[in-house]
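In our numbering, each residue carries its 1-based index in the sequence shown increased by 547.
Quick reminder that beta carbons are idealized off the backbone N, C-alpha and C, glycines included.
Because the structure is a prediction, the values reported are computed rather than measured.
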Amino acid sequence: MSPTPPARRLRLGLPRRMFSQVLLMQVAIAAGVAVLATGLFLAPLSRQLDQEAMRRALAIAETTAQDPQMAEGVLTTPPARNGPVQREAEQIRRATHAEYIVVLNEDWVRWSHPTPSQIGRRVSTDPSDALEGKEVMEIDQGTLGRSARGKVPLYDARHRIVGAVSVGIAYDSVRARLISAIPGLFAYAGGALAVGALAAWLISRRVQRQTRDLAFSDISALLAEREAMLHGIREGVVALDRDGRVRLLNDEARRLLGIGDEAVGRTPDEALGAGRATDVLTGRVTGTDLLTVRGRRVLVANRMPTGDGGAVATLRDRTELEQLGRELDSTRGLIDALRAQDHEHANRMHTLLGLLELEMYEDAVEFVGEVVGDHRVTAEQVTEKIGDPLLAALLVGKATVAAERGVALWVSERTRLPDRLIDPRGVVTVVGNLVDNALDAVAGTAHARVEVELHAQGRTVVLTVHDTGPGIPEDQRELVFTEGWSTKKPPAHGKRGIGLSLVRRLAERQGGSATVGTAAGGGAEFTVVLPEALTGPEGSPAVPERPLGAAAVAEEEAR
548 MSPTPPARRL
558 RLGLPRRMFS
568 QVLLMQVAIA
578 AGVAVLATGL
588 FLAPLSRQLD
598 QEAMRRALAI
608 AETTAQDPQM
618 AEGVLTTPPA
628 RNGPVQREAE
638 QIRRATHAEY
648 IVVLNEDWVR
658 WSHPTPSQIG
668 RRVSTDPSDA
678 LEGKEVMEID
688 QGTLGRSARG
698 KVPLYDARHR
708 IVGAVSVGIA
718 YDSVRARLIS
728 AIPGLFAYAG
738 GALAVGALAA
748 WLISRRVQRQ
758 TRDLAFSDIS
768 ALLAEREAML
778 HGIREGVVAL
788 DRDGRVRLLN
798 DEARRLLGIG
808 DEAVGRTPDE
818 ALGAGRATDV
828 LTGRVTGTDL
838 LTVRGRRVLV
848 ANRMPTGDGG
858 AVATLRDRTE
868 LEQLGRELDS
878 TRGLIDALRA
888 QDHEHANRMH
898 TLLGLLELEM
908 YEDAVEFVGE
918 VVGDHRVTAE
928 QVTEKIGDPL
938 LAALLVGKAT
948 VAAERGVALW
958 VSERTRLPDR
968 LIDPRGVVTV
978 VGNLVDNALD
988 AVAGTAHARV
998 EVELHAQGRT
1008 VVLTVHDTGP
1018 GIPEDQRELV
1028 FTEGWSTKKP
1038 PAHGKRGIGL
1048 SLVRRLAERQ
1058 GGSATVGTAA
1068 GGGAEFTVVL
1078 PEALTGPEGS
1088 PAVPERPLGA
1098 AAVAEEEAR
């Protein structure tokens, strides 16, 4: 007799076909939407009403605090039921339908309250933040019950904090009204269930065709891998559709471009505004490893078209690398300056040694005095014209580098800049970039000369740097301020085309300008206007002109 076959166990669960799964889930969602709607709408609506009540209370508090009678009453009158502060506060409370308006001094004592017996007593909640100059919005429990509150500091005529104003709005929860709406939600859900089932069947068929009948587990795995890849990599990724609109931004792209989810669905022109970054993303500028500046970040961008007519752009942050490169350039400049000083010092030591060996002691003493005096005068004439120590030190250092390269660096006789710069480092960046470019342009030419002029017009700083180099053709005068554009050989640490772009951005960020033209004697002349760069009144008159550095002195003697 054959053994009895084992009975089959009934397996319950979701169907394995995607079409059936989608249909079943959508019907289940339609059937349960009434129950879920309550939970979905309750919390956000309640928070929204809370926020509106708190903002209203804060607005009433700010309006009350602007009334000069409030601060004057707190300072000049005692807390009283019929005092001017109480009368004014109650008048505002009745007009705005607030639950209470409490005006208190720095000792937390009330000058006004809807309950007159509370006047002269200390408040029940801590007003320290408002007394420290902060605005506060909160939901809290007080002597009148739970309320939405707004607290602001109270300033006197000298803008000193003399107290605070606290306004409360009666707090009524909306949860009871939402719960009472649940039966209606179920009624609407039941009526829509039949239509939803038909729509679910049609949608399921469409999903089946578009997903190529993949299982949910396969789709889930693909999406998880995609999200992990996009948000885990340290490069910004921007995906554009066939209409040129942003359809995807990863976290790094949001950080580098300074935009958020509001950019999705908009074109780069709408999301970023005009600029090179927009031109790169839209494909108006083509190439590989394109340099662009966005805010304070230097980016390298690449754009690749996709098969559906869109494109994917990748962004890499080169800000730190550019900073390191500039520090390397500064270090090299310092080394060049030290080497120039070393050469000059060695020559002077040899000269002094020869004078001593020839027993020309008086001539040796005179030679030492001239050397010391030359250095002293060179530094003094810079500090007489430029009061800011960082900017003066920069020009003295650049003069030494210029001397090593055979260039005369001059400060114009019209230069006069007081020590009242608001952002000295920003001005140092502008001057340093322009002087470096000018030195590169004239190095190796006959009678090479760079002249710097800095003067104040009220609170505006006007900087002019012109050289005796070949100049800039008229058709390229706007290109020189474009990120990534340069006629120089790239340095070892990266690419060029950033310095002048940063100069213009710094000027325009302050409401100024950066332009280039032709100097009177030939060569290029850069002019940068920095409004509101100084504090206080206009600077004093200029001082006489004198060249910077030993090379300039030698040139003057040769003439």
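For Gln573, I'd like the list of residues in its chain whose CB is within less than 6 Å of its CB, leaving aside the five on either flank, ordered along the chain.
Excluding positions up to five away in sequence, the list reads Ala747.
Which one of Arg669, Ala600, Thr672 and Ala618 has the shortest CA to CA distance from His644?
Ala600
Go to Ser1060, then tell me how far its beta strand (DSSP E) extends in each direction, as first and last residue.
Ser1060 to Thr1065
Assign Asp864 to one of three DSSP states: helix, strand, or coil.
DSSP places Asp864 in strand when its eight states are reduced to three.
Note down the Cα distance separating Ser959 from Gln1057, rounded to an integer number of angstroms.
25 Å
Just to confirm, is the Cβ distance from Leu701 to Gly710 under 9 Å?
yes
Whose CA, out of Leu819, His660, Asp673 and Pro971, lies closest to the CA of Pro936?
Pro971
To the nearest angstrom, how far is the alpha carbon of Gly779 from that of Gly973?
35 Å
To the nearest angstrom, how far is it from the Cα of Ala618 to the Cα of Asp703?
Ala618 and Asp703: Cα-Cα distance of roughly 5 Å.
Excluding five sequence neighbours on each side, which residues of the same chain lie with their C-beta closer than 6 Å to the C-beta of Glu1079?
Excluding residues within five positions, the ones whose Cβ falls inside 6 Å are Arg1006.
Does Pro815 pass the burial test, meaning 16 or more other C-beta atoms within 10 Å, or should it be called exposed?
buried
What does DSSP give as the partner residues of Glu998 in its beta bridges?
Trp957 and His1013
Count the other C-beta atoms from every protein chain shown that fall within 10 angstroms of the C-beta of Asp1014, then say buried if there are 16 or more, exposed otherwise.
buried
For Thr1062, collect the residues of the same chain with a Cβ closer than 7 Å to its Cβ; drop the 5 residues on either side in sequence, then sort them by chain order.
Thr1074
Rounding to the nearest angstrom, what Cα-Cα distance links Thr1109 and Leu862 in this structure?
Since the first residue of the chain shown is 548 and the last is 1106, residue 1109 is not available in this structure.
Is the region 620-627 touching the region 650-657, taking contact as three or more C-beta pairs under 8 Å?
yes
Does the count of Cβ pairs from the region 677-687 and the region 623-639 closer than 8 Å reach three?
no
Excluding five sequence neighbours on each side, which residues of the same chain lie with their C-beta closer than 8 Å to the C-beta of Arg953?
The sequence as given places Gly at residue 953; Arg does not occur at that position. Here the set comprises Ala990, Gly991, Ala995 and Ala1098.
Tell me whether the beta-carbon of Thr505 lies closer than 9 Å to the beta-carbon of Ile639.
Because the chain spans 548 through 1106 in this model, residue 505 falls outside it and cannot be assessed.
Look at Arg841 and Gly805 and say whether their C-beta atoms are less than 9 Å apart.
yes
For the candidate residues Glu904, Thr962 and His897, whose alpha-carbon lies nearest to that of Val929?
Minimum Cα distance to Val929 is reached at Thr962.
Do Ala818 and Ala848 have their CB atoms nearer than 9 Å?
Result no, Cβ atoms of Ala818 and Ala848 do not sit closer than 9 Å.
Just confirm the distance between the C-beta atoms of Val977 and Leu941, as a whole number of angstroms; I'd bet it's less than 8 Å.
No, Val977 and Leu941 are not in contact; Cβ-Cβ is about 11 Å, not under 8 Å.
To the nearest angstrom, report how far apart Ala604 and Arg668 are at their CA atoms.
22 Å
Rounded to the nearest angstrom, what separates Glu637 and Val845 at their Cα positions?
57 Å
Among all the DSSP beta bridges, which residues are the ones paired with Glu685?
Arg696
Going by the beta-carbon positions, is the gap between Val1009 and Val1050 smaller than 9 Å?
No.
Exposed unless 16 or more other CB atoms sit within 10 angstroms - verdict on Asp490
This structure leaves residue 490 out entirely; the chain is present only between 548 and 1106.
Proximal residues to Glu1072 (C-beta, below 6 Å), its chain only, five neighbours per side dropped:
His1013, Gly1064 and Ala1066
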